[in-house]
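Numbering (my numbering), first residue to last: 5 to 108.
Put into structure tokens, the structure is as follows:
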């Protein structure tokens, strides 16, 4: 189901149509509005230039978070591989201990 949500960005109202819930759409709009306010705070940019700079800031945040996410995925994968190798090593050690215990 699509939701119609009115948000304010840069002092202008926009009606968003989204499948996401209202809270999520509002958080997105707040991020864009915050970035827009940041780039226009100390300058006299046109609205179009300010929007481009705000979009660049959001893209920068996104790409940095994507890199962090990829690094975390890689670390998790490496940890899982290490855990699997250690589990195999433990299993082999248990078998060896069992063999040594039955030789008596």
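Even glycine gets a Cβ: it sits at the ideal position worked out from N, Cα and C.
Take residue i and list the residues in its own chain whose beta-carbon comes closer than 6 Å to its own, dropping the five residues that flank it on each side.
i          : result
residue 37 : 13
residue 29 : 9, 20, 22
residue 33 : 11, 13
Can you name, in chain order, every residue of its own chain whose Cβ lies under 7 Å from the Cβ of residue i, other than the five neighbours on each side?
i          : result
residue 39 : 58, 61, 62
Sorted by chain position, which residues of the same chain lie with C-beta nearer than 8 Å to residue i's C-beta, five sequence neighbours on each side aside?
i          : result
residue 25 : 7
Which residue comes first and which comes last in the beta strand (DSSP E) that contains residue i?
i          : result
residue 8  : 7-13
residue 21 : 16-22
Between residue i and residue j, which are expected to be in contact by the criterion C-beta below 8 Å, what is the C-beta distance as a whole number of angstroms?
i          : j          : result
residue 44 : residue 52 : About 12 Å; that fails the 8 Å criterion.
In the DSSP assignment, find the unbroken alpha helix (DSSP H) run with residue i in it and report its ends.
i           : result
residue 67  : 51-106
residue 111 : Outside the displayed range of the chain (5 to 108) lies residue 111, so it cannot be described from this structure.
Pick out whichever of the options has its Cα sitting closest to the Cα of residue i.
i          : options        : result
residue 41 : 98, 15, 97, 75 : 15
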